[in-house]
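Asker:
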Amino acid sequence: YALVSITLSDKNLSKKFLNFKNLEKISITRKIITSGKNKYFLNGKPISPNKVLNFLYSINININNPHFFVRQGHIMRIVRMNSYELLQTVETAFGIKLYSIKKKNAISLIEKKNQKVREIGNLLINQIRPQLNVLGKSDFIFQKKEFFKTKNQKWTFLSNLTNKGKKKFTLFSAEKKEKN
Numbered sequence: 089y090a091l092v093s094i095t096l097s098d099k100n101l102s103k104k105f106l107n108f109k110n111l112e113k114i115s116i117t118r119k120i121i122t123s124g125k126n127k128y129f130l131n132g133k134p135i136s137p138n139k140v141l142n143f144l145y146s147i148n149i150n151i152n153n154p155h156f157f158v159r160q161g162h163i164m165r166i167v168r169m170n171s172y173e174l175l176q177t178v179e180t181a182f183g184i185k186l187y188s189i190k191k192k193n194a195i196s197l198i199e200k201k202n203q204k205v206r207e208i209g210n211l212l213i214n215q216i217r218p219q220l221n222v223l224g225k226s227d228f229i230f231q232k233k234e235f236f237k238t239k240n241q242k243w244t245f246l247s248n249l250t251n252k253g254k255k256k257f258t259l260f261s262a263e264k265k266e267k268n
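In this text, residue positions in the sequence shown follow the numbering used here: the first is 89, and each later residue adds one.
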């Protein structure tokens with residue numbers, strides 16, 4: 089394997105490393121294994137490549153930036169750039185482009201989530217609400233049926249009581265006539 093390390097020092101106490109306020113030195117190591125795999129370490133601890141890039145961006149070091157320094161012979165190319173190309177170069181050099189890309193990705197993600205919310209809202213309105221209305225009507229009909237069933241049972245009970253009362257009255261009347 090091969091190892092490459094860089095040590096960054098921040099002895100100026102007013103400008104501490106982002107998220108590493110108690111450290112004056114930070115060591116970044118890349119280990120290249122013979123199989124072609126890369127491993128990254130921050131102060132000896134394993135870390136993902138994205139976290140290394142984000143850390144370097146946070147301290148204004150863009151390793152993917154071709155304009156971090158101007159190579160010999162390229163100054164004329166920069167001088168001949170139009171305003172848009174120059175703006176792109178400056179944004180890349182200062183790391184603004186990274187945040188613009190992240191902003192565009194975040195906006196795209198928000199738009200996708202909003203579209204999904206609209207689809208779910210349409211699903212609720214067009215499919216679920218009508219089913220709820222049908223179920224609500226069915227429940228209303230069922231409750232009415234149960235109400236009338238209960239009423240019918242009460243009427244049947246009262247009717248039976250009345251019939252028994254009538255029979256007893258008839259028997260009582262018949263007995264009274266026999267005695268007289």
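Positions of the beta carbon are idealized from the N, C-alpha and C atoms, including for glycine.
(1) Taking R168 as part of the alpha helix (DSSP H), name the residues at either end of that continuous run.
(2) Going by DSSP, name the residue or residues bridged to T117.
(3) Taking its Cβ as the centre, do 16 or more other Cβ atoms sit within 10 Å of E266, making it buried, or is it exposed?
(4) My guess is that V140 and I163 are in contact by the Cβ rule of under 8 Å, so how many angstroms apart are they, rounded?
(5) Pick out the complete alpha helix (DSSP H) segments inside the stretch 179-216, 4 residues or longer, and give them in chain order.
(6) Look up P134 in the DSSP assignment and give the residues it is bridged to.
(7) Look up I229 in the DSSP assignment and say whether it is helix, strand or coil.
(8) Judging by CA-CA distance, which residue of L174, R217, Y89 is the nearest neighbour of K125?
(9) In three-state terms, what does DSSP make of S261?
(10) Three-state secondary structure (DSSP) at E266?
(11) Which of the three DSSP states, helix, strand or coil, is assigned to G161?
Answerer: Reading from the atomic positions:
(1) Looking at the DSSP string, R168 is not in any alpha helix (DSSP H), and its letter there is neither H nor E.
(2) Answer is S93, F129, bridged to T117.
(3) So E266 counts as exposed.
(4) Actually they do not touch by this definition, with Cβ atoms about 31 Å apart.
(5) Listed in chain order, the complete alpha helix (DSSP H) runs (minimum 4 residues) inside the stretch 179-216 are 184-211.
(6) F129
(7) Of the three classes helix, strand and coil, the one that applies to I229 here is helix, per DSSP.
(8) Y89
(9) helix
(10) Assigned with DSSP and collapsed to three states, E266 falls in helix.
(11) Coil, per DSSP.
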